[in-house]
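**Q** Chains as they are written, first to last, in my numbering: chain A, 1 to 619; chain B, 1 to 345. All residues carry an ideal CB built from backbone N, CA and C; glycine is no exception.
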Ligand SMILES: Nc1ncnc2c1ncn2[C@@H]1O[C@H](COP(=O)(O)OP(=O)(O)OP(=O)(O)O)[C@@H](O)[C@H]1O
Ligand SMILES: [Mg+2]
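#1: Which bits of chain B does residue 190 of chain A rub up against, with CB to CB less than 7 Å?
#2: In angstroms, rounded to a whole number, what distance separates the CA positions of residue 243 of chain B and residue 256 of chain B?
#3: Out of B:303, B:273, B:133, B:209, state which residue places its alpha-carbon closest to the alpha-carbon of residue 101 of chain B.
#4: Tell whether a beta-carbon distance below 7 Å holds between residue 345 of chain A and residue 292 of chain A.
#5: Which same chain residues, not among the five before or five after residue 233 of chain B, have their C-beta less than 6 Å away from its C-beta?
#6: Measuring only the C-alpha atoms, how far is residue 617 of chain A from residue 577 of chain A?
#7: Is it right to say residue 588 of chain A is buried, meaning 16 or more other beta carbons lie within 10 angstroms of its own, or is it exposed?
#8: Taking 6 Å as the line, does the beta carbon of residue 118 of chain B fall inside it for any heavy atom of ligand 1?
#9: State buried or exposed for residue 202 of chain A, treating a residue as buried only when at least 16 other CB atoms are found within 10 Å of its CB.
#10: For the segment 126-182 of chain B, which segments carrying the beta strand (DSSP E) assignment without a break, of at least 3 residues, lie completely within its bounds, in sequence order?
#11: With 16 other CB atoms within 10 Å as the buried threshold, where does residue 140 of chain A fall?
#12: Taking Cβ-Cβ distances shorter than 8 Å, what residues in chain A pair up with residue 24 of chain B?
#13: Measure from the C-beta of residue 17 of chain A to each C-beta in chain B and report whether the shortest distance is under 7 Å.
#14: Chain B beta carbons: is any one of them nearer than 7 Å to that of residue 215 of chain A?
#15: Quick check: what's the CA-CA separation for residue 292 of chain B versus residue 51 of chain B?
#16: Helix, strand or coil for residue 106 of chain A? Go by DSSP, reduced to three states.
#17: Rounded to the nearest angstrom, what separates residue 256 of chain A and residue 306 of chain A at their Cα positions?
#18: With 7 Å as the threshold, decide whether the Cβ of residue 154 of chain A is near any Cβ in chain B.
#19: Classify residue 250 of chain A as helix, strand or coil using the three-state DSSP reduction.
#20: If you pair each beta-carbon of the segment 41-48 of chain A with each one of the segment 133-150 of chain B, do three or more pairs fall below 8 Å?
#21: Please go through the same chain and pick out, in chain order, the residues whose beta-carbon is closer than 7 Å to the beta-carbon of residue 229 of chain A, but skip the five residues on each side of it.
#22: Name the DSSP bridge partner or partners of residue 179 of chain A?
#23: For residue 692 of chain A, collect the residues of the same chain with a Cβ closer than 7 Å to its Cβ; drop the 5 residues on either side in sequence, then sort them by chain order.
#24: Comparing the C-beta of residue 187 of chain B with each C-beta of chain A, is any distance below 7 Å?
#25: Along chain A, which residues have their Cβ under 9 Å away from the Cβ of residue 9 of chain B?
#26: Counting pairs of beta carbons, one from the segment 166-178 of chain A and one from the segment 412-425 of chain A, are three or more of them closer than 8 Å?
#27: Taking contact to mean at least 3 C-beta pairs separated by less than 8 Å, is the segment 357-373 of chain A in contact with the segment 329-336 of chain A?
#28: Please tell me whether residue 165 of chain A has its Cβ less than 7 Å away from any Cβ of chain B.
#29: According to the neighbour-count rule (16 or more other Cβ atoms, all chains shown, within 10 Å of its Cβ), is residue 338 of chain B buried or exposed?
#30: Mind checking residue 269 of chain A: buried by the 16 CB within 10 Å criterion, or exposed?
#31: Hey, is residue 182 of chain B's beta-carbon within less than 7 Å of any beta-carbon in chain A?
#32: Excluding the 5 residues flanking residue 449 of chain A on each side, which residues of the same chain have their C-beta closer than 8 Å to its C-beta?
#33: Is residue 158 of chain A near ligand 1 - that is, is its Cβ less than 6 Å away from at least one heavy atom of it?
#34: Please name the residues in the segment 286-316 of chain B whose beta-carbon is closer than 8 Å to at least one beta-carbon of chain A, in chain order.
#35: Helix, strand or coil for residue 304 of chain B, going by three-state DSSP, please let me know.
#36: With 16 as the cutoff for other CB atoms within 10 Å, does residue 101 of chain A come out buried or exposed?
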């Protein structure tokens with residue numbers, strides 16, 4: 001929404017109080033353009049000598065940047081000493097306005113809040129008339145940092161004794177947001193790290209898995225995650241502290257034992273697990289088959305390292321360490337004895353499921369076990385809990401009723417199991433925080449393996465070798481298209497059209513433009529592939545109008561920039577950005593010249609045709 | 001109480017009370033401005049409105065009458081209808097109690113003074129000679145000077161310098177600026193498809209390009225003199241927190257060779273200390289030095305400009321400074337309330 005004050009009144013007041021030059025921040029490009037329009041035919045003009053200086057400036061500037069020589073807005077700037085500056089303009093126009101501002105030749109610039117950070121664009125006064133900006137469909141309050149970036153442009157070092165922030169209201173403004181933004185502490189910044197496909201390929205190209213773990217661990221993301229994990233670790237230590245008085249009693253994990261006993265006593269059936277094809281005996285064993293438990297197998301004793309269900313059949317499985325020191329997988333039902341020994345350790349997500357030191361320690365334990373070990377009695381769940389006989393028989397098998405710890409167990413079990421549950425949850429959280437990035441990495445690596453860019457041992461395949469050079473958004477889609485030879489024999493303008501539609505991620509509406517039939521069918525195919533990959537990578541918008549625009553610019557080198565821009569309702573600056581981004585995408589394809597010479601050559605030809613007029617002005 | 005009366009009543013309340021009414025009734029109410037809040041509150045079901053009226057009546061009796069009459073022009077849906085009649089120095093244009101002279105005192109251009117670096121600039125330049133440095137200083141305070149001095153030092157000791165910015169536009173500006181300062185033969189620029197003067201000791205590029213170069217470093221790039229890379233400058237490094245591109249800054253910092261000095265320039269952020277601790281922890285060969293400067297070089301004053309033309313101080317304190325809590329000037333509060341009332345009718 002525009003400010004309630006009329007732009008001419010605003011500039012008039014600023015001029016009268018010597019508050020110029022000023023930057024007036026507005027929410028929309030349209031607001032900026034219309035503000036400038038209101039000056040036309042008004043009496044708010046600048047003096048003839050001032051006007052002449054601006055004219056000379058533009059004349060000289062156009063020698064380096066011919067694209068602005070006939071810019072329609074020059075006359076307003078010359079006559080009224082005001083200008084608009086936003087992303088809808090060409091870079092050259094923005095550079096000109098910035099330079100005019102530096103030379104003190106403008107009184108006011110109407111700019112959107114997206115005014116690029118870091119552009120040296122200061123003024124005596126900054127005018128703010130809004131407290132929120134549009135961010136993807138939604139209006140969001142400006143952050144303290146954003147407000148300070150805007151306000152910070154007021155007051156030029158060496159040119160002003162003092163700078164000003166002028167707040168003038170517009171509908172929906174929230175004065176408090178501005179008050180807080182102007183005086184508050186800027187927000188802390190947080191990591192936005194995500195693992196991408198190109199990152200995985202490039203890391204694996206040059207580093208071993210160990211090194212990669214190290215590199216991921218060096219990220220700011222991990223640094224911040226570790227800080228959070230440390231807080232949880234303190235909580236965990238506290239819980240362990242509280243648990244210390246409740247260590248082993250007559251049996252080692254008396255809590256589990258008591259719970260089963262209690263269940264039997266109360267004649268309650270086990271709640272059946274969701275995947276329940278387990279025999280009642282097995283189901284009764286499962287609560288004991290946890291990592292660290294000592295068990296007896298046909299081959300001899302072993303320690304459980306992890307328990308899981310097989311992906312296909314859902315059979316409960318164990319990863320175990322055998323007495324002879326080797327590791328293996330076995331079905332839970334093959335467990336012969338469950339011993340009353342649990343060794344605590346810190347499980348990890350990958351082979352060998354525990355830290356190397358633990359493995360070492362377990363091997364030592366296994367090599368010197370006594371021959372007779374106490375076992376845990378297993379109470380089989382039953383579906384006829386009403387049978388009093390069964391309960392009697394079963395409870396008889398427990399030592400609990402006569403155990404010396406009976407009273408203590410009964411008293412403590414509720415508290416201790418609550419603490420244990422908490423410890424488990426906190427441990428899980430800590431693990432998630434510490435391994436989160438590595439987990440992300442593995443997920444991406446799995447996908448790359450599935451598509452054949454990586455071997456099962458996470459080495460780059462021939463495909464992976466070149467695919468790692470595509471380091472842009474939608475890289476998976478692009479490399480898949482290349483592999484299907486979707487681009488083979490394609491004309492440069494078609495390739496550019498496709499790349500433009502993949503590169504452009506703005507859904508600002510623009511007018512429909514005619515596509516060549518070839519490009520239309522190509523886009524259809526790309527859309528199809530994009531959708532089929534949508535589980536692994538968000539599909540691009542694939543707008544056909546931007547594809548057509550790029551096709552036209554590259555296909556017809558006689559076409560002038562003015563007529564290209566004339567043929568679309570997109571703003572000039574947006575067309576420029578679209579083509580500049582397409583150029584970047586094409587240059588990545590050109591980077592494949594070693595493995596895909598034909599395709600690289602097409603990309604190169606597209607780039608050459610693209611670099612003309614405005615697009616040749618800046619590097 | 002009918003909607004019209006309720007609206008009037010709500011209008012006369014400070015916005016924080018409206019948020020209290022909206023709590024639990026309007027999704028994400030804290031995102032809304034006063035006017036939107038009132039619209040949403042009025043759109044609630046009759047029952048909910050009844051509850052609000054009840055809550056309202058529990059409060060101390062409130063005046064429903066807004067204070068002063070205003071001269072704000074009515075706004076139509078189109079942008080900018082007519083400039084209101086010019087009112088040069090008309091008596092209504094200033095509020096009586098306001099001392100405008102004090103507010104606007106001292107406007108002007110200082111005489112040209114010799115360039116004397118600030119203490120924080122000197123400290124940063126000294127520190128970069130032997131350690132990584134993060135400079136966190138407000139917009140326009142002179143971070144570029146630190147960068148150029150560091151570049152001079154590095155070039156003098158025959159090192160290559162890479163300067164990155166998040167935006168091509170900024171890269172272009174810096175390319176022109178540095179070419180003027182160091183001479184065109186000393187400065188190169190790299191983009192996705194173009195390499196101008198890639199053998200120069202000072203190379204300008206976007207952060208993405210540097211990240212790519214670092215990924216390819218193992219395969220070697222004969223075009224660039226990376227073996228002598230001595231300094232990497234990351235301008236506008238608060239982009240590290242950009243949702244889409246921030247990851248590139250992290251990749252760059254992680255992959256940067258350990259014996260290359262890092263200079264991070266950033267606008268004010270809340271936790272530069274944390275960033276410095278992080279860099280220190282991942283680059284054990286040196287510690288990262290934080291230069292934090294929060295005071296603006298040119299004082300900044302807040303003004304409230306009423307749509308009818310009055311200029312009044314925005315805050316009770318004339319100069320804007322970082323502080324806990326703030327107080328708007330009473331006249332600003334009065335005029336703004338008047339504006340809100342007018343603009344809603
Ligand atoms: N010590 C100084 N004395 C006087 N003027 C200075 C000093 N240091 C820098 N300046 C001037 O301050 C202006 C702003 O400096 P610069 O562009 O480096 O700001 P910045 O900190 O990079 O801001 P931004 O966050 O906007 O990038 C320049 O015109 C510069 O010449
Ligand atoms: Mg800067």
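**A** So, from the listed chains and residues:
#1: 241
#2: 22 Å
#3: B:303
#4: Contact: yes.
#5: Result list for residue 233 of chain B: 147, 163, 263, in chain order.
#6: 13 Å
#7: buried
#8: yes
#9: buried
#10: 132-136, 160-165
#11: exposed
#12: Result: empty, since nearest Cβ-Cβ is about 20 Å, beyond 8 Å.
#13: yes
#14: yes
#15: 51 Å
#16: Residue state, collapsed to three classes: coil.
#17: 18 Å
#18: yes
#19: If DSSP states are grouped into helix, strand and coil, residue 250 of chain A belongs with coil.
#20: The segment 41-48 of chain A and the segment 133-150 of chain B do not touch, with fewer than 3 CB-CB distances between them shorter than 8 Å.
#21: Excluding positions up to five away in sequence, the list reads 430, 433, 434.
#22: Partner(s): none; residue 179 of chain A has no beta bridge.
#23: For chain A, the structure presents residues 1 to 619; residue 692 of chain A sits outside this window and is missing.
#24: no
#25: Those do not exist, as residue 9 of chain B stays about 20 Å from chain A at its closest Cβ, beyond 9 Å.
#26: no
#27: no
#28: yes
#29: buried
#30: Confidence is the limiting factor: at residue 269 of chain A the pLDDT is only 48, short of 50, which leaves the residue's position unreliable and the question unanswerable from this model.
#31: No, its Cβ sits nowhere closer than 7 Å to a Cβ of chain A.
#32: Taking residue 449 of chain A as the centre and dropping the five residues before and after it, the same chain places the C-beta of 455, 456, 458 closer than 8 Å to its C-beta, in chain order.
#33: For residue 158 of chain A, the CB falls within less than 6 Å of some heavy atom of ligand 1.
#34: 296, 297, 298, 299, 300, 301, 302, 303, 304, 305, 306, 307, 309, 311, 314, 315
#35: Note: residue 304 of chain B maps to strand in three-state DSSP.
#36: Buried: at least 16 other Cβ atoms inside 10 Å.
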